[in-house]
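Those sequence lines, one after another, are chains A and B. Using my numbering, the first residue of the first sequence is number 6, and each one after it goes up by one. Using my numbering, the first residue of the second sequence is number 250, and each one after it goes up by one. A short write-up of the structure that comes next.
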Amino acid sequence: MANKVEVKDVFKTYKRGKAEFHALNGISLSIKEGEFLAVMGPSGSGKSTLLHLIGALDKPTSGEVFIDGVSLSLLGDDALSQIRREKVGFIFQQFNLLPTLTARENILLPLRIAGKSSRETERYADEVIEAVGLTNWSSNLPEEMSGGQMQRVGIARALAIRPSIILADEPTGNLDSKTSEEILNLLKDCQEQFKQTIIMVIHDAKAAAYGDRIIRLKDGQIDEEVEAYSANLI
Amino acid sequence: MSVKHGLLGLLARKPQNGYELKNAFDEIAGGFWDVNFGQIYSTIDRLVKDGLITASSEDAEGVERRVYQITQKGIQEFKDWLDKPSAKVRPLRDEIFVKLAFMYPFDKEAILQLLAEQRQLYLAKMAELTRKKYLLSRQGGSRDMLMTDLLLDAALFHAEADVKWLEHCEAKLRGFESIQREEALENDEIGLDQ
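See the structure below:
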């Protein structure tokens, strides 16, 4: 299968006063289309930075990130924001919902911003709302919902644009274990049913176990890599 | 669950022969508990001797087969057992711990390597258990599926605890090493001063 994402010898250096901090330290990584990759590692190991670079939210200091074989470094700002709007769906730990909009309005927001709001895209969004189990909550405000419901909104918002890549940063960080399981099953559905490529940053081993491959970062490099189905169980 | 109480529980549902009991036990244990026919039959003999079950013969197409039935005493024993929490804490007989005890303090790098490999193995197992759980969740919910799901959860929580314990071991061994190194450095400095 083709590589959906390729990260080639990427460095990301932040300056803190006179000191330099290497968030990513020459990391290389290939992610296949339809793969579910879990990224673990201690805080400061570069997990979120990696996710931001793949999502074209930030640029590497050196090295290259390819999406569908296209180097992001060759693209201008317009093309980059087009990738962010059309190819990549983001899911955050803090949900990042707008408090004055209903669930459905939050979910439709990226479509409206992209100028892609139409009867057809809104109908698809409503299908997504049903698929994540929010039909009865679509006109509620975030403050009227539980953490699990808010994260369902977050997932539906990411899916509504029909992204081929889903980037999730600690999506279950604020949820109890039963709700986490439901949310992670939903993400797994995205991979299984819609063949979406999923990259999830997570510190919890139980959540990471949803990945086909689990990598652990340390000091901005890949320290360990575990293929999920290599173990002989029982 | 002991084999004894497992069999009593199964016979409380309906009378069964040894073969049926073995299959039903395997189903409940969800593949996590390897019980062979020998254990099943020796437990059955003990239960008959203790008056907790009785045996009767059944003619199955010319072949005589023993069918077992739970007695009133057996039902009481099973209910008493069911109502009590398990007092025994899971035994900690981890092979890796024995290895550690023999390796330390000879080869710290080899220990850290062993711990990391073991942790990766548990992580891969967790992924496989998670896969089973996910596939189960796609099949809709029945009572038996819920029980299997809960058993898979138990296996996952234990594997997670193992992963955390191994990480903890790695961190402590590294920490202990750096303390030793600092002490050695301090001793060197003292040595230089003299």
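Note that beta-carbon positions come from the ideal geometry of N, C-alpha and C, so glycine has one too.
Close beta carbons around residue i, own chain, < 6 Å, minus the five adjacent residues each side
{"i": "threonine 177(A)", "result": "Ser185, Ile188 and Ala212"}
{"i": "threonine 66(A)", "result": "Phe16, Lys17 and Thr18"}
{"i": "isoleucine 239(A)", "result": "The pLDDT assigned to isoleucine 239(A) is 35, lower than 50, so where the model puts this residue is not dependable; a value taken from the coordinates is nonetheless given after this. Excluding sequence neighbours, isoleucine 239(A) sits near nothing in its chain."}
{"i": "isoleucine 345(B)", "result": "Gln367"}
{"i": "glutamate 25(A)", "result": "Thr18"}
{"i": "glutamine 443(B)", "result": "Model confidence at glutamine 443(B) stands at a pLDDT of 42, short of 50, so the residue's coordinates are unreliable; what they give is reported in the following sentence. Closer than 6 Å at Cβ, skipping near neighbours: no residue."}
{"i": "arginine 157(A)", "result": "Val137 and Leu139"}
{"i": "glutamate 276(B)", "result": "none"}
{"i": "arginine 221(A)", "result": "Met45, Gly46, Asp228 and Glu229"}
Contacts that residue i makes with chain A (C-beta to C-beta distance below 7 Å)
{"i": "serine 386(B)", "result": "Asn190"}
{"i": "valine 412(B)", "result": "Ala210"}
{"i": "glutamate 409(B)", "result": "Ala210 and Lys211"}
Interface partners of residue i on chain B, CB under 8 Å
{"i": "tyrosine 215(A)", "result": "Ala376, Thr379 and Tyr383"}
{"i": "isoleucine 207(A)", "result": "Within 8 Å Cβ-Cβ: nothing; isoleucine 207(A) doesn't reach chain B, min ~12 Å."}
{"i": "glutamate 229(A)", "result": "Ala365 and Gln369"}
Contacts of residue i in chain A (Cβ-Cβ under 8 Å)
{"i": "threonine 405(B)", "result": "Checking the sequence shown, residue 405(B) turns out to be leucine, not threonine. Simply Lys211 and Ala214."}
Partner residues on chain A for residue i, Cβ-Cβ distance less than 9 Å
{"i": "alanine 420(B)", "result": "Ordered by position in chain A, no residue passes the 9 Å Cβ test against alanine 420(B), which lies about 10 Å from the chain."}
Interface residues of chain B facing residue i [CB-CB closer than 9 Å]
{"i": "glutamate 232(A)", "result": "Ala373 and Ala376"}
{"i": "phenylalanine 203(A)", "result": "The question names phenylalanine, but residue 203(A) in the sequence shown is isoleucine. Ordered by position in chain B, no residue passes the 9 Å Cβ test against isoleucine 203(A), which lies about 13 Å from the chain."}
{"i": "isoleucine 36(A)", "result": "Here the premise fails: no neighbours, minimum Cβ distance about 16 Å."}
{"i": "isoleucine 171(A)", "result": "Within chain B, no residue comes near isoleucine 171(A); the closest Cβ sits about 16 Å away, beyond 9 Å."}
{"i": "threonine 220(A)", "result": "In the sequence as displayed, the identity of residue 220(A) is isoleucine instead of threonine. Within chain B, no residue comes near isoleucine 220(A); the closest Cβ sits about 11 Å away, beyond 9 Å."}
Contacts around residue i, its chain only, beta-carbon distance under 8 Å, and the 5 residues preceding and following it disregarded
{"i": "isoleucine 118(A)", "result": "Arg90"}
{"i": "isoleucine 88(A)", "result": "Ala61, Ile72, Leu77 and Leu80"}
{"i": "threonine 105(A)", "result": "Leu146"}
{"i": "isoleucine 360(B)", "result": "Leu349, Met352, Tyr353 and Leu422"}
{"i": "leucine 401(B)", "result": "Gly279, Leu378, Lys381, Lys382 and Leu385"}
{"i": "valine 412(B)", "result": "Arg368, Tyr371, Leu372 and Met375"}
{"i": "glutamate 232(A)", "result": "Asp217 and Arg218"}
{"i": "serine 335(B)", "result": "none"}
{"i": "asparagine 237(A)", "result": "Any answer about asparagine 237(A) is weak, because its pLDDT of 44 lies below 50 and its placement is not dependable; what the coordinates show is given next. So no residue of the chain qualifies."}
{"i": "glycine 159(A)", "result": "Ile96, Phe97, Phe100, Asn101, Leu102 and Pro176"}
{"i": "lysine 193(A)", "result": "Phe41 and Tyr215"}
For residue j and residue i, believed in contact at Cβ under 8 Å, the rounded distance
{"i": "lysine 9(A)", "j": "glutamate 69(A)", "result": "Lysine 9(A) to glutamate 69(A), Cβ: 15 Å. No contact."}
{"i": "phenylalanine 95(A)", "j": "glycine 51(A)", "result": "Not confirmed; about 18 Å, so no contact."}
{"i": "leucine 165(A)", "j": "alanine 130(A)", "result": "For clarity, residue 165(A) is alanine in the given sequence; the question names leucine instead. Right, their Cβ atoms sit about 4 Å apart."}
{"i": "isoleucine 36(A)", "j": "leucine 29(A)", "result": "Contact flag wrong, Cβ pair sits at about 15 Å."}
{"i": "leucine 58(A)", "j": "isoleucine 227(A)", "result": "Not quite, the Cβ-Cβ distance comes to about 14 Å (not below 8 Å), so this is no contact."}
{"i": "valine 93(A)", "j": "proline 168(A)", "result": "5 Å"}
{"i": "asparagine 179(A)", "j": "glycine 152(A)", "result": "5 Å"}
{"i": "leucine 395(B)", "j": "isoleucine 319(B)", "result": "Leucine 395(B) to isoleucine 319(B), Cβ: 25 Å. No contact."}
{"i": "valine 252(B)", "j": "glutamine 288(B)", "result": "6 Å"}
{"i": "isoleucine 112(A)", "j": "alanine 161(A)", "result": "5 Å"}
{"i": "methionine 255(A)", "j": "isoleucine 203(A)", "result": "Because residue 255(A) is not part of the residues shown, which for chain A are 6 to 239, the question remains open."}
{"i": "glutamate 248(A)", "j": "alanine 365(B)", "result": "Not covered by the structure: residue 248(A). The range shown for chain A is 6 to 239."}
{"i": "alanine 404(B)", "j": "phenylalanine 281(B)", "result": "6 Å"}
{"i": "leucine 296(B)", "j": "alanine 273(B)", "result": "Incorrect: roughly 15 Å between the Cβ atoms, too far for contact."}
{"i": "isoleucine 32(A)", "j": "leucine 55(A)", "result": "7 Å"}
{"i": "threonine 107(A)", "j": "serine 48(A)", "result": "No, threonine 107(A) and serine 48(A) are not in contact; Cβ-Cβ is about 34 Å, not under 8 Å."}
Where residue i meets chain D, residues with beta-carbon distance less than 7 Å
{"i": "lysine 193(A)", "result": "Protein chains in the displayed structure are A and B, and chain D is not among them."}
7 Å Cβ cut-off: residues of chain B touching residue i
{"i": "isoleucine 88(A)", "result": "Result: empty, since nearest Cβ-Cβ is about 30 Å, beyond 7 Å."}
{"i": "isoleucine 160(A)", "result": "Within chain B, no residue comes near isoleucine 160(A); the closest Cβ sits about 16 Å away, beyond 7 Å."}
Residues near residue i by beta carbon distance below 7 Å, same chain, minus five either side
{"i": "lysine 200(A)", "result": "Gly39"}
{"i": "histidine 27(A)", "result": "Phe16, Thr18 and Gly225"}
{"i": "histidine 254(B)", "result": "Phe327 and Trp330"}
{"i": "aspartate 308(B)", "result": "none"}
{"i": "proline 264(B)", "result": "Val316, Tyr317 and Gln318"}
{"i": "alanine 163(A)", "result": "Gly94, Phe95, Ile96 and Ile171"}
{"i": "isoleucine 324(B)", "result": "Ala261"}
{"i": "aspartate 201(B)", "result": "The structure shown does not extend to residue 201(B), since chain B is modelled only from 250 through 443, so no value can be given for it."}
{"i": "glutamine 388(B)", "result": "Met394"}
Sequence ranges, alpha helix (DSSP H) only - wholly within the region 176-219 of chain A, length at least 4:
Fully enclosed alpha helix (DSSP H) runs of 4 or longer: 182-199 and 210-213.
Any residues in the region 343-374 of chain B with a beta carbon nearer than 9 Å to a beta carbon of chain A? Which ones, in chain order?
Hits within the stretch, in order: Ala365, Arg368, Gln369, Leu370, Tyr371, Leu372, Ala373 and Lys374.
Check distances from the C-beta atoms of the region 132-151 of chain A to those of chain B and list, in chain order, the residues that come in under 7 Å.
Interface annotation for the region 132-151 of chain A against chain B: empty, criterion Cβ-Cβ distance under 7 Å.
At 4 residues or longer, and completely inside the region 257-297 of chain B: list those alpha helix (DSSP H) runs for me, N to C.
Within the region 257-297 of chain B, the complete alpha helix (DSSP H) segments of 4 residues or longer fall at 267-278, listed in chain order.
Report the residue ranges of all alpha helix (DSSP H) runs contained in full by the region 46-102 of chain A; include only those spanning at least 4 residues, in chain order.
Counting whole runs of 4 or more residues, the region 46-102 of chain A contains the alpha helix (DSSP H) stretches 52-59 and 82-91.
Suppose only complete runs of 3+ residues qualify. What are the beta strand (DSSP E) ranges in the region 134-181 of chain A, listed by chain order?
Taken in chain order, the complete beta strand (DSSP E) segments of 3 residues or longer contained in the region 134-181 of chain A are 170-174.
Unbroken alpha helix (DSSP H) runs of length 4 or more, entirely within the region 292-374 of chain B: which are they?
The qualifying runs are 321-332 and 344-352.
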